[in-house]
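Participant: Pasting a structure below so you can have a look.
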Amino acid sequence: MKIIACYSNKGGVGKTATSVNLAYAFAKDGNTVLLCDLDPQGASSFYLRVKPSKKLTEATFFEDVERFTKSIRASDFDGLDVLPANMTFRDFDVFLSRMRNKRSRLKKALVGAGSDYDVIILDCPPNFSTLSENIFKAADQIVVPVIPTTLSERTFDQLVGFFEQKKLPRKKIKAFFSMVQQRKSLHQETMESMRKQYRKRFLQTVIPFAADIERMGQNRAPISIYAPRSQACAAYQALFDELEDVLVSKR
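The opening residue of the sequence shown carries number 0 in numbering that gives the first Met the number 0; numbering runs sequentially from there.
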């Protein structure tokens with residue numbers, strides 16, 4: 000089982016779109032996939048038309064394998080299941096702060112309840128917290144969308160600095176540029192600068208700023224379902240191919 004976290008400490012960068020499209024791509028490739036929605040807003044659950052389980056609270060998530068498993072829902076797509084979020088997930092940090100081995104509880108919960116899956120995708124809330132430390136420890140790869148702007152560059156610097164401060168393995172971080180507008184000189188300059196500074200951390204794939212991606216909320220489906228010939232669909236497929244190569248090379 001491989002655990003892939005779609006994470007950014009900045010909101011609005013395309014994290015949920017990445018989570019949904021990667022989860023679908025892994026399932027389409029023949030894997031059994033669990034998309035675990037950790038964001039209490041539940042955007043990825045909404046995109047895949049899955050309603051939350053009100054019975055799965057922060058306590059049962061981490062301590063009740065049976066309730067965790069029963070809260071998993073099938074999506075409309077073969078091989079892709081969803082653990083939907085609900086608003087009690089906003090209390091994860093408070094609950095984790097009271098637990099022993101609090102920085103490894105997430106992996107224990109995922110291994111206990113998700114052992115039947117080949118891949119678990121985590122759609123993560125945008126913050127630094129006890130939960131995010133759990134995510135960093137649990138994940139085999141941390142996929143980070145970065146908009147090529149000054150503020151996004153700053154938040155990525157903060158993420159790398161956090162890993163250094165906590166002595167976490169930076170090799171887990173696999174960033175890519177998201178919502179890119181090729182005509183903007185700022186985007187081009189920022190991508191060039193960040194690739195030079197973090198050349199081992201960035202994948203080659205670039206996800207464009209595209210109306211087809213914005214329509215995911217209307218269509219409530221992965222982009223390849225309703226826009227299979229689009230530039231955005233090809234970009235997400237390239238992201239999947241590149242990420243899969245990284246995972247295979249680690250086996």
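Don't be surprised by glycine CBs; every beta carbon is placed ideally from N, CA and C.
What would DSSP say about A26, mapped onto helix, strand or coil?
Facilitator: Along the sequence shown, read from residue 1 onward, the residue named residue 26 stands at position 27. Note: A26 maps to helix in three-state DSSP.
Participant: Assuming A22 contacts V142 under a Cβ cut-off of 8 angstroms, what Cβ separation, rounded to an integer in Å, is found between them?
Facilitator: Here residue 22 is taken as the residue at index 23 of the sequence shown, counted from 1. Here residue 142 is taken as the residue at index 143 of the sequence shown, counted from 1. Not confirmed; about 11 angstroms, so no contact.
Participant: Out of E57, S96 and A209, state which residue places its alpha-carbon closest to the alpha-carbon of V12.
Facilitator: Mapped onto the sequence shown, residue 12 falls at position 13. Looking at the Cα atoms, A209 is the closest of the given residues.
Participant: Let me know if N218 comes out buried or exposed under the rule of 16 or more other beta-carbons within 10 Å of its beta-carbon.
Facilitator: Residue 218 sits at position 219 when you count from the first residue of the sequence shown. Result: exposed.
Participant: Are there 16 or more other CB atoms within 10 angstroms of the CB of M86, so buried, or fewer, so exposed?
Facilitator: Taking the sequence shown and counting its residues from 1, one reaches residue 86 at position 87. So M86 counts as exposed.
Participant: What does a CB cutoff of less than 6 angstroms around D117 pick up in its chain, not counting 5 residues either side in sequence?
Facilitator: Locating residue 117 in the sequence shown gives position 118, counting from the first residue. Cβ within range, chain order: N30 and T31.
Participant: Where does F239 land, buried or exposed, given buried means 16+ other C-beta within 10 angstroms?
Facilitator: Your numbering for residue 239 matches position 240 in the sequence shown. So F239 counts as buried.
Participant: Might you give, ordered along the chain, the residues of its own chain that have their beta carbon closer than 7 angstroms to the beta carbon of N8, omitting 5 neighbours on each side?
Facilitator: Counting from one through the sequence shown, the residue named residue 8 turns up at place 9. If we look at N8 and ignore the five residues flanking it on each side, its Cβ neighbours are P125, N126, F127, T154, Q157 and L158.
Participant: Output the distance between the C-alpha atoms of C35 and V145, rounded to the nearest integer angstrom.
Facilitator: Taking the first residue of the sequence shown as position 1, residue 35 is located at position 36. Taking the first residue of the sequence shown as position 1, residue 145 is located at position 146. Cα to Cα, the separation comes out at about 21 angstroms.
Participant: Is the beta carbon of R194 closer than 9 angstroms to that of I172?
Facilitator: The residue labelled residue 172 in the question sits at position 173 within the sequence shown. The residue labelled residue 194 in the question sits at position 195 within the sequence shown. Not closer than 9 angstroms, so no.
Participant: Tell me, please, whether the region 77–94 touches the region 47–57 by the rule of three or more beta-carbon pairs shorter than 8 angstroms.
Facilitator: Judged by Cβ distances under 8 angstroms, the region 77–94 makes contact with the region 47–57, as three or more pairs qualify.
Participant: Grab the span of the alpha helix (DSSP H) containing F61 for me, first residue to last.
Facilitator: As a working mapping, residue 61 is identified with position 62 in the sequence shown. F61 -> alpha helix (DSSP H) spans E57 to E62.
Participant: Around the Cβ of V93, are there at least 16 other Cβ atoms within 10 angstroms (buried) or fewer (exposed)?
Facilitator: The sequence position of residue 93 within the sequence shown is 94, counting from 1. Under this definition V93 is an exposed residue.
Participant: Would you mind giving the Cβ-Cβ distance between D122 and S43, rounded to the nearest angstrom? I have them listed as a contact below 8 angstroms.
Facilitator: To locate residue 122, count along the sequence shown from 1; it is residue 123. To locate residue 43, count along the sequence shown from 1; it is residue 44. Yes, they are in contact, since the Cβ atoms of D122 and S43 sit about 4 angstroms apart, within 8 angstroms.
Participant: Are the CB atoms of Q140 and L47 nearer to each other than 9 angstroms?
Facilitator: Taking the first residue of the sequence shown as 1, we reach residue 140 at position 141. Taking the first residue of the sequence shown as 1, we reach residue 47 at position 48. No. Outside cutoff.
Participant: Among A24, Y6 and I2, which one has its Cα closest to the Cα of A234?
Facilitator: By 1-based counting over the sequence shown, the position of residue 234 is 235. Closest by alpha carbon: A24.
Participant: Would you kindly report the start and end of the unbroken alpha helix (DSSP H) that includes L158?
Facilitator: For this step, residue 158 is matched to residue 159 along the sequence shown. T149 to K165 is the extent of the alpha helix (DSSP H) around L158.
Participant: If you count every other CB in all the chains shown that lies within 10 Å of the CB of G10, and 16 or more means buried, which is it?
Facilitator: Working through the sequence shown from its first residue, we reach residue 10 at position 11. By the 10 Å Cβ count, G10 comes out exposed.
Participant: Between P83, F60, K1 and D28, which lies nearest to T38 when the distance is taken from Cα to Cα?
Facilitator: Here residue 38 is taken as the residue at index 39 of the sequence shown, counted from 1. Residue 38 is actually Asp in this sequence, not Thr. Measuring from the Cα of D38, the nearest candidate turns out to be P83.
Participant: For D211, which option in N20, Y6 and M0 has the closest C-alpha, if you only look at C-alpha atoms?
Facilitator: Taking the sequence shown and counting its residues from 1, one reaches residue 211 at position 212. Of N20, Y6 and M0, the residue nearest in Cα terms is N20.
Participant: Could you check whether M98 and P147 sit closer than 9 angstroms to each other, using their CB atoms as the reference points?
Facilitator: Translated into the one-based positions of the sequence shown, residue 147 becomes position 148. Translated into the one-based positions of the sequence shown, residue 98 becomes position 99. Cβ distance not < 9 angstroms, so P147 and M98 don't count as in contact.
Participant: Between S184 and Q230, what straight-line distance do the alpha-carbon atoms span, to the nearest angstrom?
Facilitator: Within the sequence shown, numbered from 1, the residue matching residue 184 stands at position 185. Within the sequence shown, numbered from 1, the residue matching residue 230 stands at position 231. Those two C-alpha atoms are separated by around 21 angstroms.
Participant: Measuring CA to CA, which of A220, S96, N133 and A73 is closest to I2?
Facilitator: Locating residue 2 in the sequence shown gives position 3, counting from the first residue. Measuring from the Cα of I2, the nearest candidate turns out to be N133.
Participant: Since L130 contacts L95 with CB under 8 angstroms, what's their CB separation in whole angstroms?
Facilitator: The count along the sequence shown starts at 1 and reaches residue 130 at position 131. The count along the sequence shown starts at 1 and reaches residue 95 at position 96. Confirmed, Cβ separation roughly 6 angstroms.
Participant: Under the rule that 16 or more other beta-carbon atoms within 10 Å means buried, what is S70, buried or exposed?
Facilitator: For this step, residue 70 is matched to residue 71 along the sequence shown. That one is buried.
Participant: Sorted by chain position, which residues of the same chain lie with C-beta nearer than 6 angstroms to P221's C-beta, five sequence neighbours on each side aside?
Facilitator: The residue you call residue 221 lines up with position 222 of the sequence shown. Correct list, in chain order: V19, N20 and Y23.
Participant: Quick check on A73: buried or exposed, where buried means 16 or more other Cβ atoms within 10 Å of its Cβ?
Facilitator: The residue you call residue 73 lines up with position 74 of the sequence shown. Exposed: under 16 other Cβ atoms inside 10 Å.
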